[in-house]
Every structure is written in C-alpha cells, then in structure tokens.
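Step one of this worksheet: look at the structure below.
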Amino acid sequence: MPLAFLLWCVLAFLVTAVAAIVTGQRWNATTPVYCITALISLLGCAGAVTALLTHQSAALQLPLGLPGIGANFRMDVLSALFLAIVNLGGAGASIFGLGYGRHEAFPGRILPFFCVFLAAMNLVVLSDDAFTFLLSWELMSLASWALVLAHHGEPENVHAGFVYILMASFGTFALLLAFGLLAGPGGQYSFEAIRLHQPMGMVAGLVFLLALVGAGSKAGLVPLHVWLPLAHPAAPSHVSALMSGIMTKVAIYAFIRIVLDLLGPPVWWWGMVLLAAGGASALMGVLYGLFQTDIKRVLAYSTIENIGIIFIGLGLALSFRADHFEEAAILALTAALFHVINHSLFKSLLFFCSGAVLGATHERNLERLGGLIHRMPVTALACLAGCLAISGLPPFNGFVSEWLTFQAILLSPELPQWGLKLGVPAVGALLALSVALAGACFVRLFGIAFLGRARAPVAANALETDKISLSVLLVFAGFCLVIGVVPGFVIDALGPVSQSLFHGQMPIQSAQPWLSLVPISAARSSYNGLTLLLMIAVALGLAFVAIRIAASRSTRRAPAWDCGFPNAGTLTQYTAGSFSQPIRRVFGTVLFRARESIEVPPPGDSRPARMTVRLQDVVWDVCYAPLSGAVTYLADRLNVLQFLTIRRYLSLVFATLVVLLLVVATWQ
Amino acid sequence: MTGMANGLGLILALPPVAAALLAVLPGYRLSASVNVLASLLSFLAAISLFFWHPPTSSYFAIDDLNIVFIVLNTLVGFTTSVFSASYIGHELESGKLNVANLRFYHAMFQIMMFGMNLALVANNIGLMWVAIELATLATVVMVGLYRTHEALEAAWKYFILASVGIAFALFGTILVYMAAQPVLGEGLQGMTWTVLETRASAFDPGLLNVAFIFLFLGYGTKVGLAPLHAWLPDAHAEGPTPISAVLSGLLLNVALYAILRFKMLMAANAEAINPGPLMVTVGLVSLLFAAFMLYRRRDIKRLFAYSSIEHMGIIVFAFGMGGPLANFAGLLQMTMHSLTKSAIFFTVGQITQVKGTQKIAQIRGLTVSNPVLGWSLVVGVIAIAGMPPLGIFMSEFLIVSSTFARAPLLALALVLGLLVAFGALVWRMQCMAFGAPSGRMAPARGSYIPIFLHLACVVIAGIFLPPAIVAWFQHVARMLG
Amino acid sequence: MMRDFTLQTIAMLAVLLLAPLLTGVVRKAKARLLRRIGPPLIQPYRDLWRLLQKEVVLADNASWLFRATPYLVFATTWLAATLVPTFATGLPFNWAADLIGIVALLALGRFFLALAGMDVGTSFGGIGSSREMMIASLAEPAMMMIIFSLALLAGSTQLSVMAQYLLSPNVGLRVTLGLSLIALMVVGIAENARIPVDNPATHLELTMVHEAMLLEYSGRHLALLELASFIKLLLYLSLIACLFVPWGLVPANGSWPAFGLGLLLYAAKMIVGVCILAGFETAIAKMRVFRVPTFVGAALMLGLLGALLLFVSRGL
Amino acid sequence: MHGFAFDVAHLLAGSLVLVSFMLLYQDRLYALLNVFALHAVVLSLSVAWQAHIQDAPHLYITAVIAIGFKAIIIPVALHRMIVLLGIHREVETTASIGLTMLIGLGLVGLSMAVMLRITPHADLVAREDLAFALSVLLLGLLIMVTRRNAVSQIIGFMSLENGLVLAATGARGMPLVVEISVAFSVLIAFIVIGVFLFRIRERFDTVDIAAMDQFRGDRQ
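Protein chains in written order, with the working numbering: chain V, 16 to 683; chain S, 1190 to 1670; chain U, 47 to 362; chain X, 47 to 266.
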C-alpha cells in the first residue's frame, strides 16, 4: 500500500522538522537530520518506483482540511512518477547536505524548513482535492521562502525572498481562481467531483490560462520568471538544487494534473499558447544565462530554458491531442516527461557541483575562479558530465529527450490549423537555437570555472570537497550517463503515465533489437545510445592503439606557447564576460538592449581603460516596473487620507451618509 | 432553571463587580490577577452557555449566532487580561503610567468587557445600543490613557467620530421601532429581536431601508469600514497595546454582530432593499483602501490597525455575498482574525517594549535578537496575510473560490486587494524580522503563553476544524441566509 | 550479416584513408587556380606522419582534458563520418543514429575542442573557443532546419532512408531542396572553418577561429586534430553528395561489383565537390568575424524558410 | 382636534429646523450658545406637545430634561468654559455662510424627499416629525463639519442629539429606555468632552482642533 507508506514518510518529515526545531536550540543537529531525511526520501523513492512499475492506484481520505470534503490523497502512476523524482532529488540533496551542511553558520535556520519543504513537495503530488493541493502548494512556497532567507544577512537575499513570496502567492491566487471555476459555486473541491463535471468552452479556456499562469509562475516560465534567478541562488546550494531541479517539476506536475487530467479535451490554441511561452522561455532563459557571471545564477537561468523545452513538449502534446493524433501526442508527452526526469537529474548535479565549488572557494563569481580542474578533479569530472548532459550531447540523457522532442516536432505538419503550421517550425528553430546556445553557455561555465589558470587566490588554493558529496556527484553523473545509454527502459516506465492520461503508450522499447530507441518506426528514425557509446569507445581505442604503435611517445612540459608571447598574468585569460561578448553582439543588442561603453583615459593618464556593459531586462521593464510604479503612486496618493483633520473625516462620513440617502431616495 | 440562568447572570454580573472591586483595590499586581480571574470566570460562564441555554426574556436572549461571539469575546478577553498582566507592569516601571492610572485602567477594562458582553446577549435593540456605547466610551478613555499629545488627539478623534456613529445608530434604532410599531403596536415588543425577526416581513420596507443605512453607518463606524475608519488606526496606535488587541479582536466584532442582526432583519422583509450589494461595495472599498494604505506605514501598531480594516472589509464582503459557503467563510475569517490579530498585538506589544520604539524603521533582525518574538511575528504576519497552514487561508480560500464562480470581477478585485496587502505586510515583516539586528537587544519579559495559545488555535484550525464547530458555523451560516 | 560488417569496415577505412587525400586535392586545386604548382597530393599524409614522429610539448598547466580531447574529437568525427552513407546505404551502423545524432556527435567534438582551447588559459585559446561557439550557435540550428525540411520530405531522419527517397522518381525539383542545398553549403563552410568564415591556412592570430583553439597543440595530438578536420570536410561533402546527388548509392544488399562502381562514383563526386570548393575559396575573401553571424544567420533563415514552405505546402 | 394637533406639532418641529438654520448662521460663540438654548427650548416644547397629544406622561420628563439640561445647564457651562479658556470670540467658518445655508436647504429637501416619499403607510405626524428630525440631524452634522472651533462642534453635536430626541418622541409609545439612554449619552458626552477640553487646556493653548492636528501620528 504505497500511498499510506508515503503519507507516513511525509509525517516522518514533519516530525523531523519539529525535532530539529526543538533540538536546534541546544546542539547542531545537521548530521542526524540529513541522515534521517535521506533515509526517508530513499524509502519514499522506493515506494514510488514500485507503485509506478506495478501501476497501482489508491485513494485515501483523512478527516482533516476543508470540512465536508476532508483531506483527500491519491496515488496514481502520474503522481508516482513525480514522487519518485521528488524523493530521489530529496535523497540526493540530503546526502549532499551531510557534507555541504557542515560549514553552515546557522543550521537552525535551514534544517526544519528543509524537512518541511520535502514534506510539502510530497504532499502536493499526493493531494487529491483543491484545498489540500493549494495548502501543500503554499506550504512548499513558504518553506522554500524561509530557506531563501536562511542567509538573511545579505540585503539582496531579503529582496529575493520578498519577490519570490510575492510571485508565489500571485501564482497561488491564479490556481485558486482556476479551482474556483473547476469546483463551481457548489464548492465541489475534490478532484473526483471535478472530473465528473468538466467545464467546457470559454470556462475551460480560462481555467487553462489560469493554470498556466499559476504553475508557470512557479516553474519560471517567461515572463513570470523574474523571481527564479533571484531566489534559487540565494538559498544554500543543496536547497537550490531542490528548488531548481525538483520544485519546478512539482509545478509541471500541477500543470499536467490540472490541464491534462482535470480539464476536459484540449483546444488547439492551448497548444499554441504553450508553444509560444515555451519557446520564449527556452531562448530567453539560455541567453540570460550566457551573460551571467554568478555560477548559480547561470544555472537558475538555464532552469528557465529547460522548463521552456518541457513546455514545448507539453504544447505539442496538447495540439496533437486536440487534433486527435494520439500517437504523436503520446510521443510529445513522453518527450516532455523524459526531459522532466533528465532535468531533475542534471540540474541537481550541477547545483551540487556549484555547492562544492562554493564550499571550496566561497566564491560564486566566475571571474574569480579558474583552474579548478587541477584542485578538484572529481568535482570537475562530475560537472563535465552534467554540462554535457544539459547541453544535449550524446551519449548523455539530455540528448535523448531533446531528440524525442524534435521527432515530435517533425510530426506536426499533419496538424490542420495554420497557426500551428507556421508556429511549430518556428518553435523548432527556437528550440534548436537554444540547445546550441546552451552548449555555448556550459562551455563557458565549465571552461571559465574549471579550466585555465586561477584568477584569484581563493581558486588557486581550493581543496577538493569531502567524500560524501563527491559520491553524490558521481552517482548523479552516473544516472545521467546510464539513462542516456539505455533510454528504452525509462520510456517503458513512462508508458503507464501516458496510458493513464492519453489512453495509449509508445511501442515497447526494451524489446527493440540492440536496445535501440525507435519512437515510431525504424525507417523513420532511431537512436541507439549503447552502440554509439561502444563505437566511440572502439574508435578511441583504435586511435589510442594506433598512436601507441605509430607515434613517438615523448612528451615535454613547457610554458604555454601562446604565439610566442606567453603572459604570466592570469588576468590576460579570456574572462566570462569576454567569452560571451560575440554572442552578446549577435543577440543581446536586440533582446537586452545591451550597451557597451568604453572609456579610455587620455594619454599620460595612468588609469586603466574600462569597458562597461549594461544589460536591461526587457521583461522587467515592460511587465513589472509599471506595476510597482502604479502601486507606489496609489499608495502615495491615498496616504494623504492618514493626515486629514477630524473635521474632514467627519465630512467624509457626512458625504457617505448623504450619498446613501440619495440612493435610497431615488430607489424604486 | 436557576442553573440555567447562572451562566448568563455570571457573564453580566461578574465584570461590573470586578470593575467596582478593581476601582478600589490598591497595588497593580493584585488587581491584575483579579482582572485575570474575573475574565477567566466569565469565559467559563460563556462556555457553560453551550450546555444550558437560558430562557429568552424580552431583554436577554442566547441563540446560536451570539453564543459564538460571546465565547470568542470572553476567550480573547481572558487571554488579553493575561497578557496585560505581564505587560502593564513594564509600563509602570518605564513611568508611562502611575498606579492611579492602572487602577482606572483595570476597572475600565472590566467595564469594557461588560459593555461588549451585554451588547452580545441583549435581546433588545435599545439595550444593545446602550451597551455598545458603553463599551465605546470605555475604550475612548482607555485610548487616552497615556495623556500624550498623540494619545489625546487619537482619543478625541475617536470620541467625536464614535459619538456621531452613536447618533446614527440611535436614529436607525428609532426608525426600526417606527417601522415595527404599526405592526406590533406600541411598547417593548417593537424593540425585541426575537419578535422583530419573526414579524419583519410585515414592516414598512421604506423605513427599514433608511433605518439600515443609518445603522450600517453608525455601527460601521465602529467596525472601521472605509471611509468611516479614520479613528481606528490612531486609536490602535496610541492606546495601550492590550487595548489595541481588544479593539481589533473584539469591539469590531461586536459592532459587526449588530450589523449582521439588522441584515437578518432586512433579509426577513421581502420588499426591503437587499443590503448585500451595499456591504460588498463597502467591504471591497475598505479592503483595497487599507491594502494601499499599508505601504506607507511607519508605525508598527498602525500597520496592523490598517490590516484590521482590510480584514473587516473582507469579512463584510463575505457576509454581503451571502450564501452558506460565503457566510461560513465570513464567520471563520472573523474568528481567525480576532485570534490572529490579538496574538500579533501581543507580540507587537512586547516588541515595542523590548526595542523601546514603535517605528518600523528602528526594528530590525528580530529573529536574531529575540528569536521567539521574531518568529511569532513571522508566523502571525504569515497567518494574517492568509498563508497556509493557518486558519485565514481556509476562509480566504472559500471566499475567493466561491465568489469567482458567482461574480468573477468581484473576485478579481478581491484578489487584487489581497495581493497588494500581502506584499505590504510581508515586506514590512521581512524588514523587521530579518537582516542585521538593531536597537536594544534586551530580552522580552512578558509571557509568551497568550501568543502561543492563539497561534496554536489558528494553526490547528487551519488544518483541522473540529466537526462540532463546523456544524455550529454551518447552522449559523444558514441562519444568516 | 558478416558481409554487412565487412562493408561497414570498408566504408570506415575508406573515410579514414580518403580524407587527407581530399584535403590535398583542395590545396592542389587552389594552388593551380592561383597559377602555383602547389604541394603534391599526398602532402597531407606526409604532414600527419611528421607530426606523429614529433614529440609533444605540453603547456605546464595543461590538464588531462587537454590531452584527452584530440582522441575524443577524432573518435567522434570519424564515427560521424562512418554514419554518413558514402557509397552504400543501409549499413549496420547507419541505424545507430540518424542525421540529428550525427550533428550531435559533431557538437560533442566541438564541445571538447572549445574546452581544450580554454584549458591552458591563454588569450588566443579563449578567442578561438568563444568565436567557435558563437558560430556554432548559429550553424547548428541552421543544420537542424535543413534536417527538418529534408526529413519532412522523406518522412524520416535516417540518412539511408532519405537517400533512398530522394533517389525515387516522385521527388522532382522543389524550392525547398534548393534552399536547403544553399544552407547546407554555408553550414559546411562555417563548420569546416573555410574561407570566408575562417582561413585554415592563416597564421594571423586575430583572424583565427579554429586554428586558435589548436594553438597549444603539437605532435601526435595535433596530428589527430588535423586528421579530424580532414575527415570533417569529407563528411560534409559526402553528406551533400548523399542528399543532393544520391545517384550511385548502392543498397546494402547490392552485389560486389555494384559496390566497386559505387565507390568509384563516390570518389568522383568528392573530387568535383572539392574543386567547386576550391574555386569558391579562391573567388572570395575572408570576412570580418562580426560579419560571420549575418552570413551563417542567413543559412538559418533559408533553412527555416524551406521548412515553413514545406509545412504550408503540406496543408494544401 | 387632530388637525390642530398636527398643525402645532408641525409648527414646533418646523421651527426647530428654523432654529437649526439660525445656528448654522451664527458666527459668534456667545450668540451661538444663546441660539442653542433656544433650540433646546423649542425642542422641549415640541416634546411636551407630543406628550400631550400622545397622552404619554413619561415624555414630559424628557421635555424637562431637555429644557433643564440643554437649555440651561449646558449653555451656561459652555459659557463659563469659553471664559475659562479665554478663546477669542470669532467662530471662523470654513465655507461662506451663504454656501452653508444653501447646502442646509439642500439637506432639508433631501430629508423631506427621503421621509415623505418612501413612508406612505406610516402615521402622518410621525412622518412629519421624522422628516424634520432628519433635517435637524443633518444640519447639526453640517455645523460640525463647517466649524473649526471645538465648542461650536460640540454645539453642532448637541443639536444633532436634539434631532434624535425629536425623532424618538415622534415615535409613538417608544419605551422610556430610549430617552434615558439619550439623556445618559448626552450626559456622558458632556462629561467626557468637558474632561477632554480640560485636559486639552492642560496641554494645548487652544481647543482649536487644527492645533491638535499637528500632533497627528505617523508623520515622522
């Protein structure tokens, strides 16, 4: 009975949280708490995986929550899948925290909320009525907000927390309104009741948009993403991994649950909206990321990009389903879910790496790092794997999901609507562009941080992190590789999910010869990670042997040649800023109103010449600045009412009375 | 029979006796404990009303509606007395008050409680009016207790606006009687709730309409609805903190109770104007107005006073929408708001004592300097801002979702107001609770028990409402129509 | 089965052996066009051999990544080349990855090469990597667009199937094909660091892109990288050949003589291709680095246009 | 007889409105006090007449309370207070007298419209009384709104209460509880206001509320 088991896990999390609060005053409870959470998460993950593989679904009602409806919980394959993701990430973060959490100044500000955060994410996925869902959803936001404020010393963290919690409650209100429509005036808040009378026409469209806004604001969909690059880096790294890798997936779950499960059959323009939002997020996200110098901020922006890719997949699924191309819809959905899994893995991995770097150097700024591959070789290896995976390069997992998405796009000319006909290839171009740019982004990240020469003493004498953290890094890197090599099994595991949502699933992959991946037919397209890996290995081996036989083995170490003018200064290296300059020239001037200003001091002046680059966040300028301006303006104008004389207040009362009397007098 | 009468008798008899006693008792420690004892006893008496319903007389009646208010009233009164016992001593030491003031304070506290209880149990609209005025005048002098310029000015403002409200309410009461008199004949009949409600259908609708306007404005002044709210922020900010807690937690509710009664009266008459739209409009105006006012507040108590206006707006909005769901939500919101807001004021009182200032700008990093106070403030603000797992989230969930299905635009306005208010409250809270601590670092000496008690209630209610209370609220919601 | 694998092996070896020759032909042709004698055709083989014999001079702070990169780049490029049908289609490895896979393999090689460029921490390496990634960030999507249009025509992303389809009579002349051909040529030029995007023969540092990344390499490492770039050129040529002049491609079940014929035809195609390339390169001059994006971006736009035309024409 | 009774009641109530207008018109404190005394006298007369025609003896008490309290004690007290405080004699009005008069007229019209149009079924005397009471109430409020000086605001408030009493007595057989509460509240109001004026005297040099306004909170 996995459902009850997972609820027990949630309870255990909460109990741990309370225990952490109680004991936190006296001694440092870091190690025990993380051990316990890791254990619970692993158990929960196991339970979820068994539920997923045995396709069992169960429901349960507790006498809590909204009176009359109670707290309903349900576990079907969809929730099982996401529970597995959540708890795997949770386990990873907990174990990494064992090492990373040691050099934490105030564990009391992290541990309880960490447990609550894990519990809340599990609850969101488990809950089966609107109230329980939103309660867990807000609890999730609240816990992560507290974690963002864990290092509240820096003012920007406080600001980040504020923007985050504000956007979070905005999203919650959107979901609340959506559920209000779904539930109807009668207040049928349980998902069962909602499934029975699904809304149609305009109402359904409205619910769709509200759900998109609500879930999108949590997932970081452009233009609702502004909080994400502020909040995710502000939290401790293993929490950033949870927020970026896992919490955004919970948001995806919410969207899938509402739109694909609770809502009736989709309309084609829904897919259009999703594709537009996804494409925009993918491109904007990766471009923003390319211009950041803070490692964690780069990762946060790349989260936005990957969320965009996932939403492109979902958009395709919706459009295909609206036009009754079931096979294609299933393919697109599977691609999206696959990318959900992949991103949760490699984004957690990369945030763990950033945590390791942060722990070793106390430095998040790329411009002050460099040469870490010598100081922290294992971390570098894991990080390299993560970068390859997230750049969508074979034989890692990122490539598979993106390849599946492309395959889905290639099926789209069958769609009858002209909007989709013209939109989908454009989105395909955006997707290709953002994948290519992601490559550039992560070459930059890894190259600047780990390669070259140390740009600051902190990097020069960094030390490799502890064994526990390293083991987590390696395990996650291993996941990325294995899934990329034998994706068939994952796709088969996703089968029941698409079965439950779209009443069909992709052909069984593990039955294919050579374990190769054949989404539709071998004649159409196929990919075989295993053979590819073997062939690369073989080619490598051949080359190596040949070189051994034919070439001279003598190797000499010498100073870098550098065209004959080697320069000892480490600042002559290419910096993060200069690396992204060509791309900024190409894209930035349009999308970010990038302005370069170069000031060269007059001859004889010893000041260095300076080049400053200004990037403007167009989204902020267009969407958010006017809003805050309006609120400030109104607040200032209305504030006058605090300073009136009693006589004026009386005249207000007087006026109200007269107006009401006039209303009554003229009432008929 | 005698046992039945006791509960009611105690509620009415205890406070005046205690007041008389406290007026003569020397020494504030003793009187503080007497105060606590009296409040506790009246709370127990109120509980006893659940079990023995006293018979309805032409002056007093206990029904399902007002018993909710009475219990809530006496409960918060009790916790407030506990808080003030630990609070007021510090005021004495800091020289803000002298012993005579304290004696006066304690006596007035009981008189205030007496007034509110009387208003709640009264079965006679005239008697209720008298009682509410009594309570108001008691609070007026309490607000002026510190005798500082600001305190006097606040009390003066409160007094003038309140007495205009008094006048309106009285005029409305007279009009109701005038409407009833042709039907019920002359005499006491025409002012008795139980009679009025049964016969309201026959009254002259025109008179009822005018009457309701005056009553709504009159008692609405007490509720603090914009634009009648002017007294509320200053009265909260300048009076002693226990009084702010009582004002927000109780007096507003009592006035609201009166409005609800008359709304039921209007609802019972078919031709009379439906008060719903009026209440919805005023509620929305109060909500939006208060939400924007929150941004420029520099005084911590005034900040939460405005949030009281905001919540009263929400509650009146909910009752204006009507229907079982919205009424239920309104009752829940009212209860949760009294508990939460008084808890917040308890916290704020201790914070101001610790930091020696009410200026938000001078309060920083409370979670570092005074962890318990700081985190209580965080929890309180999160609760008042309507975040789970706390009670107000449930009521706001019901209000918004049920409204959106019925009147989408209203719900959007509601959500806008809630969001704006949320932003202001959370921003202020973050500034005070986090960051590097500033100001005096002295540990708080007041008792945390009332704070924890209230917050615990709110948390539990947010996750699990006892079925008994649910059934009770649902019944009352049906009564309200 | 056995037969397929022998064929596959032949194809792989052919790629490996022909690639330097092809580059030699290019150089020779360019020299002739400039009225120079030019180096002998087998010069590239000699260069490679000499490089193999030389000792490797490693920069002091070069990491293991720097040393591993040449092998990886070579392996991926070679692999990609063997996945492209040269003279025969439907070979066993062709099913391992489709055209998208091939592009991704090349991208993998580029990823490592760019990292290697940054490893030593010189300014030139940085220039090379950043410019390479900038060009790639436009060339790759352009390539994807080309793949889109062709895949939509052929209903497959498998090169063999595409070639078969394009052989079939029902193709006819299509605008999309023309657009894709031009786009593919531009992408090929950009990817192979040919003029006008880059100059393989240059040693004027500030104009270098590809060369700048190789600046610190020497000896066997450099040999591998050179060979890899030879193979890459061959790859793109045979890609164009197999997609746009697929005549003479022999299905896997063909007869041995047919294969021989196919091999000859293939060689002929290659020769023609490199001659055209040489002519093009001599005809125009290298452009500024910051005009390259417009050049490659044009390819992207062409590809997108082609794809759109197809999407729309499907609806008609 | 009934007609006559109605006419007298009408006359008295109407004259109360008239006196309210006189209050509105006054711009000197002493005169204001005197007119207020007159206001109270007229009120008590009308109350007495109501007592007579409703033959409700308890209303006579109200009449006595009115004449004793509002016509004599309060004016005298306020008179002394003015002397005590030594406030200058002028009553500075905010709006011009003419404008206030116009507004007042509008208010009377409004109250007539409200009362007479919407209550066709109620007793005629009661309706007339209510109409006049409402206008007195509104005029009193208008005085409070248009006067800056605290004393004149108190007077405005008193006249407002007079309107209430008029309405209460107009209501046939309204229990005594109401009169008592009115007297009660007036008493409290007076005491507390007195206390306040006294305290304010302690702290401020004037009862001019404008002077107190500069101590309004939240103006850091």
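Note that beta-carbon positions come from the ideal geometry of N, C-alpha and C, so glycine has one too.
Please read all numbers here as calculations on a predicted model, not as lab measurements.
Check                                                                                                                                                                : Outcome
Tell me which same chain residues have a C-beta within less than 8 Å of the C-beta of Y268/V, skipping the five on either side of it?                                : L93, S94, F97, V139 and V140
Verify the CB distance criterion: does G80/V have a CB-CB separation below 8 Å to chain S?                                                                           : yes
Where does the unbroken alpha helix (DSSP H) through L98/V begin, and where does it stop?                                                                            : V92 to Y115
What span of residues does the beta strand (DSSP E) with R625/V cover, start to end?                                                                                 : R625 to R629
Below 9 Å between beta carbons is the criterion; list the residues of the stretch 293-307 of chain U that meet it against any residue of chain V, in chain order.    : none
Using a C-beta to C-beta distance shorter than 8 Å, which residues of chain V count as neighbours of F1360/S?                                                        : In chain order: nothing, as chain V lies at least about 10 Å away.
Does DSSP put D507/V in a helix, in a strand, or in coil?                                                                                                            : helix
Between which residues of its own chain and R245/X is the CB-CB distance below 7 Å, once the five residues before and five after are set aside?                      : Any reading at R245/X needs caution, since the residue's pLDDT is 49, under 50, leaving its predicted position unreliable; the model's value is listed next. Excluding positions up to five away in sequence, the list is empty.
With respect to 7 Å, is the separation between the Cβ of T215/X and the closest non-hydrogen atom of the ligand HEM below this value?                                : No copy of the ligand HEM occurs in the structure displayed, which carries no ligand at all.
Cβ closer than 9 Å: which chain V residues qualify as neighbours of M190/U?                                                                                          : F421, G443, A444, L446, A447, L448, V450 and A451
May I ask you to list, following chain order, the residues of the stretch 154-168 of chain V that have a beta carbon less than 7 Å from some beta carbon of chain S? : L154, L157, L164, H167 and G168
List the whole-angstrom C-beta distance separating Y106/X from A112/X, where the pair is believed to meet the contact cut-off of C-beta under 8 Å.                   : Going by Cβ atoms, the distance from Y106/X to A112/X rounds to 10 Å, so no, they are not a contact pair.
So the beta strand (DSSP E) E1460/S belongs to, where does it begin and stop?                                                                                        : Looking at the DSSP string, E1460/S is not in any beta strand (DSSP E), and its letter there is neither H nor E.
List the DSSP bridge partners of D144/V.                                                                                                                             : S205/V
Helix, strand or coil for V372/V? Go by DSSP, reduced to three states.                                                                                               : helix
Hey, quick one: how far does the beta strand (DSSP E) through A74/V stretch, first residue to last?                                                                  : A73 to L77
Which parts of the stretch 55-140 of chain U are runs of the beta strand (DSSP E), unbroken and 3 residues or longer, counting only runs that do not cross its ends? : 102-105
Going along the chain, which unbroken runs of the alpha helix (DSSP H) with 4 or more residues stay wholly within the stretch 241-270 of chain V?                    : 243-249, 252-256 and 263-270
Quick one: Cα of R608/V to Cα of S593/V, how far?                                                                                                                    : 18 Å
Any contact of the stretch 1517-1535 of chain S with the stretch 1642-1650 of chain S, i.e. 3+ C-beta pairs under 8 Å?                                               : yes
For A332/V, which residues of its own chain have a beta-carbon under 7 Å away from its beta-carbon, when the five flanking residues on both sides are left out?      : A344, A347, L348 and A351
Report the three-state DSSP secondary structure of R608/V (helix, strand or coil).                                                                                   : coil
Below 8 Å, can you find three or more Cβ-Cβ pairs linking the stretch 128-138 of chain U to the stretch 93-103 of chain U?                                           : no
What are the boundary residues of the alpha helix (DSSP H) that includes T671/V?                                                                                     : I661 to A680
Taking the C-alpha atoms as reference points, what is the distance between R568/V and L384/V?                                                                        : 33 Å
For the beta strand (DSSP E) containing A1235/S, name the first residue and the last one.                                                                            : Not the beta strand (DSSP E): A1235/S falls in the alpha helix (DSSP H), residues Y1217 to F1240.
Please identify, using Cβ separations under 8 Å, the residues of the stretch 78-103 of chain X that lie next to chain S, in order along the chain.                   : none
Taking the DSSP output, what are the residues bridged to Y542/V?                                                                                                     : L532/V
Thinking just about the alpha-carbon of each residue, which of A1419/S, A1289/S, L1210/S and L1364/S is nearest to the one in I1498/S?                               : A1419/S
As a quick exercise: from I1638/S, L1605/S, L1608/S and F1582/S, pick the residue whose alpha carbon is nearest that of G80/V.                                       : F1582/S
Tell me the DSSP secondary structure of G519/V in three-state form.                                                                                                  : coil
Specify the secondary structure class of G216/V as computed by DSSP and reduced to three states.                                                                     : helix
Could you give the DSSP three-state label for R245/X: helix, strand or coil?                                                                                         : For R245/X, the pLDDT reaches just 49, beneath the cut-off of 50, and the residue's location in the model is therefore unreliable, leaving the point undetermined.
Quick one: is V1399/S near chain V, going by C-beta distance under 8 Å?                                                                                              : yes
Could you tell me the alpha carbon to alpha carbon distance between D165/U and L478/V, rounded to whole angstroms?                                                   : 19 Å
Any beta carbon from chain V within less than 8 Å of A269/X's own beta carbon?                                                                                       : Since the first residue of chain X shown is 47 and the last is 266, residue 269/X is not available in this structure.
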